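For reference, the structure discussed in these notes is given below.
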Amino acid sequence: MYQPAAFVEDRPEVLHDLIRTQPLGLLVSAGSQGLIADSIPFLMYPDEGEFGTLRAHLARANPHAAALRDVDDCLVAFTGPQGYITPSWYAAKAEHGKVVPTWNYAAVHAWGAPRVIDDAAWVRRLVGDLTQSQEAGRAAPWAVEDAPADFIETMLRAIVGVEIPIRRIEGKFKMSQNRAMPDRAGVVDGLRADGALREPLAALVALRGDVPGN
4 MYQPAAFVED RPEVLHDLIR TQPLGLLVSA GSQGLIADSI PFLMYPDEGE
54 FGTLRAHLAR ANPHAAALRD VDDCLVAFTG PQGYITPSWY AAKAEHGKVV
104 PTWNYAAVHA WGAPRVIDDA AWVRRLVGDL TQSQEAGRAA PWAVEDAPAD
154 FIETMLRAIV GVEIPIRRIE GKFKMSQNRA MPDRAGVVDG LRADGALREP
204 LAALVALRGD VPGN
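Now the structure itself:
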């Protein structure tokens, strides 16, 4: 991805954390069928491999599952908080008016050689891990064991596992770091004035831009 110096993020723990909190990744591969892409939730195993390992599952009937068996590389793209930034929030607008809109976002791209896994026990563990990762914070968490065993076995036969040891990973956090401090502060205030849904992006702009009082 295009990475101006101000927006580069290369700390593994930060990149892994975005994947953990925003697990829906866009899996992209290019083989004999051409480019194929699917949005699927991933789990990050940060201590496995040089840069961590991604695991997920696909429907056995999904053509992408077959295509992954024949490729040596794939890309998974994860996106964090993002949104439109109006120049009306910049202090520079009142000073000289030489401002334009932009879009702030956080993104992590990970590459690796995919492995399609048919082992039932492996897939069962993955489904359990993925379920627990999403249910753990709930007051009454659902577990795979809550469903009838024969039903779960039928469902598991319909999917295959995917494992991607990461060989390369890049991060970009475009959060107004290239703007002067008054402009960064204006972006934080503007986002928060837009409502609670914009708070995750506002918090990242404040953090990345060292905005005082935030």
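For the sequence shown, this note's numbering assigns the number 4 to the initial residue and increments by one for each residue that follows. Don't be surprised by glycine CBs; every beta carbon is placed ideally from N, CA and C. Since we're looking at a predicted model, the values are computed, not measured.
Under the three-state DSSP convention, the category proline 104 falls into | If you number the sequence shown from 1, residue 104 lands on position 101. Residue state, collapsed to three classes: coil.
Residues that lysine 254 bridges to, as DSSP identifies them = A query on residue 254 cannot be resolved here, the shown segment of the chain reaching from 4 to 217 and no further.
Give the secondary structure of alanine 40 by DSSP, where H, G and I count as helix, E and B as strand, and everything else as coil.
-> The count along the sequence shown starts at 1 and reaches residue 40 at position 37. DSSP places alanine 40 in strand when its eight states are reduced to three.
What three-state label does DSSP hand valine 31 in the structure shown?
-> Here residue 31 refers to the residue found at position 28 when the sequence shown is read from its first residue. The three-state secondary structure of valine 31, taken from DSSP, is strand.
Assumed close pair arginine 171, tryptophan 114 - CB separation to whole angstroms, cut-off 8 Å | Mapped onto the sequence shown, residue 171 falls at position 168. Mapped onto the sequence shown, residue 114 falls at position 111. Their Cβ separation, rounded to whole angstroms, is 4 Å, which keeps arginine 171 and tryptophan 114 in contact under 8 Å.
Coarse secondary structure for phenylalanine 81, derived from DSSP in three states | Within the sequence shown, residue 81 is the residue found at index 78, counting from 1. Three-state result, phenylalanine 81: strand.
Using the beta-carbon count (16 or more within 10 Å), is threonine 56 buried or exposed?
-> In the sequence shown, counting from the first residue as 1, residue 56 sits at position 53. With at least 16 other beta carbons inside 10 angstroms of its own, threonine 56 counts as buried.
Straight-line gap, alanine 142 to valine 74 (C-alpha atoms, nearest Å) | Position 139 of the sequence shown, counted from the start, is the residue given in the question as residue 142. Position 71 of the sequence shown, counted from the start, is the residue given in the question as residue 74. The alpha-carbon atoms of alanine 142 and valine 74 are separated by roughly 42 Å.
C-beta contact flag for lysine 175 and tyrosine 5 at 9 Å = The residue given as residue 175 occupies position 172 in the sequence shown. The residue given as residue 5 occupies position 2 in the sequence shown. Yes; because the gap between Cβ atoms is below 9 Å, this pair is in contact.
Do you know offhand how far arginine 127's Cα is from leucine 207's?
-> On the sequence shown, residue 127 is found 124 positions in, with the first residue counted as 1. On the sequence shown, residue 207 is found 204 positions in, with the first residue counted as 1. Take the alpha-carbon of arginine 127 and the one of leucine 207: they are about 36 Å apart.
So does the stretch 104-112 actually touch the stretch 133-150, counting three or more Cβ pairs closer than 8 Å?
-> Counting Cβ pairs under 8 Å, fewer than three are found: no touch.
Just the Cα atoms here: how many angstroms apart are glutamine 135 and methionine 178?
-> Against the sequence shown, residue 135 aligns to sequence position 132. Against the sequence shown, residue 178 aligns to sequence position 175. Each residue's Cα considered, the two are about 32 Å apart.
Have a look at alanine 8 and threonine 82 and give me their C-alpha separation to the nearest angstrom.
-> Taking the first residue of the sequence shown as position 1, residue 8 is located at position 5. Taking the first residue of the sequence shown as position 1, residue 82 is located at position 79. Their Cα atoms are separated by approximately 19 Å.
Please name the residue in Cys77, Asn65, Thr157, Phe154 whose C-alpha comes closest to that of glycine 34.
-> If you number the sequence shown from 1, residue 34 lands on position 31. Measuring from the Cα of glycine 34, the nearest candidate turns out to be Cys77.
Runs of alpha helix (DSSP H) lying entirely within the stretch 151-194, each at least 4 residues, in chain order = Within the stretch 151-194, the complete alpha helix (DSSP H) runs of at least 4 residues are 152-160.
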